[in-house]
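All residue numbers for the sequence shown refer to our numbering, where the first residue is 322 and numbers rise by one. Idealized CB from N, CA, C, for every residue including glycine. Below is one structure, written out as structure tokens; comments come after it.
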Amino acid sequence: MLNVFTLANGRLFQEEIDAPEALAHVAPVWVDLEAPTAQEKGWIQARFELTIPENIVDDDLEESARFYEEDNGELHIRSDFLIDDGETPRNVRVAFILHHNVLFSVHSEDLPVFRLLRLRARRIPAMIEDAKDVLLKLYDADAEYSADALEGIYDALEKVSARVLKQDVDDHAAGEALSAIAHQEDLNGRIRRNVMDTRRAVSFMMRSRLLNAEQFEEARQIMRDIDSLDSHTAFLFDKINFLMDATVGFININQNKIIKIFSVASVAMLPPTLIASIYGMNFQHMPELTQTWGYPFALGLMLASVAAPLIYFRRKGWMR
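So this is what it looks like as structure tokens:
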């Protein structure tokens with residue numbers, strides 16, 4: 322999908338391009354390519370004299386391969402953007418190219434941050450003045466989206482805390498709590514990675530000397546917002562680890578209760594086993610063996626030897 326965005330009366334207008342002729346007479350400030358085909362890349366090359374490599378959204382983590390400026394003035398930035406859909410949170414790589422005052426973005430799927438910027442730019446006049454504003458506003462919206470996702474983690478962990486810390490937790494509830502905690506831990510880690518990547522990208526833009534004074538101040542504000550998010554992610558990691566340890570502790574307690582029951586049962590069965598072993602001996606002079614009351618006497622003695630330890634354990638509170 323190929324979308325171009327033009328500025329008119331201080332507002333951002335979107336147009337979906339389905340033929341090369343539609344590109345001929347537009348002067349976009351932003352060209353967004355979502356999962357572009359080879360044909361659409363050819364249209365971009367013919368219209369803007371810009372070649373988009375096949376591996377432009379690869380996973381190379383080296384800064385020299387993700388943030389650089391060409392000799393012809395092209396600015397290349399590759400950043401990760403978060404998608405938190407409630408089921409499979411993920412980071413999606415986006416490649417930005419700033420070419421002749423036009424921002425080109427290439428990514429594999431639609432992103433919430435991009436939708437948010439498009440909505441705001443249509444409603445707020447004079448929000449965007451050039452391509453660099455588009456890029457900065459995307460990073461600003463990305464930081465805000467990460468903050469919203471962190472608030473969602475707070476809410477989810479509060480629900481887990483209510484289940485784990487305020488109720489008797491059985492193994493089923495503990496298993497559900499562990500699954501929820503693991504999901505939030507994964508999301509928190511992705512947010513931290515996303516925030517770290519945004520900081521690197523904004524820092525590179527500030528060092529590139531392409532921003533004017535107002536844009537530079539906006540970039541500094543984005544960096545301050547990111548710094549505040551860092552402390553939140555660190556706090557959430559500590560809270561997640563605490564809840565994880567508490568849940569595992571409850572599972573261990575439940576398992577210890579089961580082991581305690583088996584231990585009590587095995588101890589209670591030792592005396593009757595001893596009695597049965599005694600009367601199983603083949604000695605000649607065992608007077609109880611010749612008495613009519615011998616068999617019920619042995620059974621009664623076994624029952625009494627079982628009951629006595631159980632009563633003792635119950636009074637001590639070891640069976641609770």
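- request: Check whether the Cβ atoms of Val-516 and Tyr-466 lie closer than 8 Å to each other.
  value: Residue mapping note: residue 516 aligns to position 195 of the sequence shown, counting from 1. Residue mapping note: residue 466 aligns to position 145 of the sequence shown, counting from 1. No; because the gap between Cβ atoms is not below 8 Å, this pair is not in contact.
task: Alpha carbon to alpha carbon, how far is Asp-463 from Thr-402? Give it in angstroms, no decimals.
output: Here residue 402 refers to the residue found at position 81 of the sequence shown. Here residue 463 refers to the residue found at position 142 of the sequence shown. For the record, residue 402 in the displayed sequence is Phe; it is not Thr. For Phe-402 and Asp-463, the distance between alpha carbons rounds to 7 Å.
Status (buried if at least 16 other CB within 10 Å, exposed otherwise) for Ser-598: By 1-based counting over the sequence shown, the position of residue 598 is 277. Exposed.
field: Per DSSP, the bridge partner or partners of Thr-327
entry: Numbered from 1 along the sequence shown, position 6 holds the residue referred to as residue 327. Thr-327 is bridged to Phe-334.
- request: Return the residue from the list Leu-499, Leu-354 and Glu-361 that minimises the CA-CA distance to Asp-431.
  value: Here residue 431 refers to the residue found at position 110 of the sequence shown. If you compare the alpha carbons of Leu-499, Leu-354 and Glu-361 with that of Asp-431, the shortest gap goes to Leu-354.
message: For His-553 and Leu-471, which I take to be in contact (beta-carbon distance under 8 Å), what is that distance rounded to the nearest angstrom?
response: Residue numbering aside, residue 553 sits at position 232 when the sequence shown is read from its first letter. Residue numbering aside, residue 471 sits at position 150 when the sequence shown is read from its first letter. Indeed they touch by this definition, with Cβ atoms about 5 Å apart.
- request: Sort out for me which residues DSSP pairs Ser-426 with in a bridge.
  value: Against the sequence shown, residue 426 aligns to sequence position 105. Asp-353 and Phe-417, per the DSSP bridge assignment.
field: Pick from Val-347, Pro-592 and Glu-535 that is closest to Met-448, judged by C-alpha positions
entry: If you number the sequence shown from 1, residue 448 lands on position 127. Comparing Cα positions, the closest option is Glu-535.
field: Ile-445, buried or exposed, once every other Cβ within 10 Å from all chains shown has been counted against 16
entry: The count along the sequence shown starts at 1 and reaches residue 445 at position 124. Taking every protein chain shown into account, the CB of Ile-445 has fewer than 16 other CB atoms within 10 angstroms, so this residue is exposed.
field: Length of the line joining the Cα atoms of Phe-583 and Gly-615
entry: Here residue 583 refers to the residue found at position 262 when the sequence shown is read from its first residue. Here residue 615 refers to the residue found at position 294 when the sequence shown is read from its first residue. If you take the alpha carbons of Phe-583 and Gly-615, they lie about 31 Å apart.
field: Collapsed DSSP secondary structure at Ile-449 in the structure displayed
entry: The residue labelled residue 449 in the question sits at position 128 within the sequence shown. In the three-state reduction of the DSSP assignment, Ile-449 falls in the coil class.
field: Reduced DSSP category for Glu-390 - H, G, I as helix; E, B as strand; rest coil
entry: As a first step, residue 390 must be located in the sequence shown, where it is residue number 69. In the structure shown, Glu-390 falls within a strand segment according to DSSP collapsed to helix, strand and coil.
- prompt: Is there at least one Cβ from chain D nearer than 8 Å to Trp-351's Cβ?
  reply: Note that chain D does not occur in the displayed structure, where there is just one protein chain.
task: Could you check what DSSP says for Phe-604 in three-state terms: helix, strand or coil?
output: Locating residue 604 in the sequence shown gives position 283, where the first residue counts as 1. DSSP places Phe-604 in coil when its eight states are reduced to three.
task: Give the straight-line distance between the Cα atoms of Arg-521 and Lys-362, rounded to the nearest whole angstrom.
output: The residue labelled residue 521 in the question sits at position 200 within the sequence shown. The residue labelled residue 362 in the question sits at position 41 within the sequence shown. Straight-line Cα distance between these residues: approximately 28 Å.
message: Tell me the DSSP secondary structure of Ser-400 in three-state form.
response: As a first step, residue 400 must be located in the sequence shown, where it is residue number 79. In this structure, Ser-400 counts as strand in the three-state DSSP scheme.
query: Relative to the C-alpha of Ser-429, which residue among Glu-479, Glu-450 and Ser-400 is closest?
result: Counted from its first residue, the sequence shown places residue 429 at position 108. Closest option to Ser-429, Cα to Cα, is Ser-400.
field: Assigned secondary structure, Arg-635 (DSSP; H/G/I helix, E/B strand, else coil)
entry: By 1-based counting over the sequence shown, the position of residue 635 is 314. Residue state, collapsed to three classes: helix.
Proximity of Val-485 and Ala-540 at Cβ, strictly below 8 Å: Residue numbering aside, residue 485 sits at position 164 when the sequence shown is read from its first letter. Residue numbering aside, residue 540 sits at position 219 when the sequence shown is read from its first letter. Their beta carbons are not under 8 Å apart, which means Val-485 does not touch Ala-540 by this criterion.
Three-state class that DSSP yields for Asn-577 in the structure shown: The residue you call residue 577 lines up with position 256 of the sequence shown. Asn-577 falls in the helix class under three-state DSSP.
message: Taking a contact to mean a Cβ-Cβ separation below 8 Å, would you say Phe-369 touches Val-350 in this structure?
response: Taking the first residue of the sequence shown as 1, we reach residue 369 at position 48. Taking the first residue of the sequence shown as 1, we reach residue 350 at position 29. No. Outside cutoff.
- prompt: Should Ala-329 go down as buried or exposed, given a rule of 16 or more other Cβ atoms within 10 Å for buried?
  reply: Here residue 329 corresponds to residue number 8 of the sequence shown, with the count starting at 1. Counting Cβ neighbours within 10 Å, Ala-329 comes out exposed, since fewer than 16 surround it.
task: Please check the pair Arg-511 and Arg-411, which I expect to be a contact at CB under 8 Å, by giving their CB distance rounded to whole angstroms.
output: Mapped onto the sequence shown, residue 511 falls at position 190. Mapped onto the sequence shown, residue 411 falls at position 90. About 7 Å; that satisfies the 8 Å criterion.
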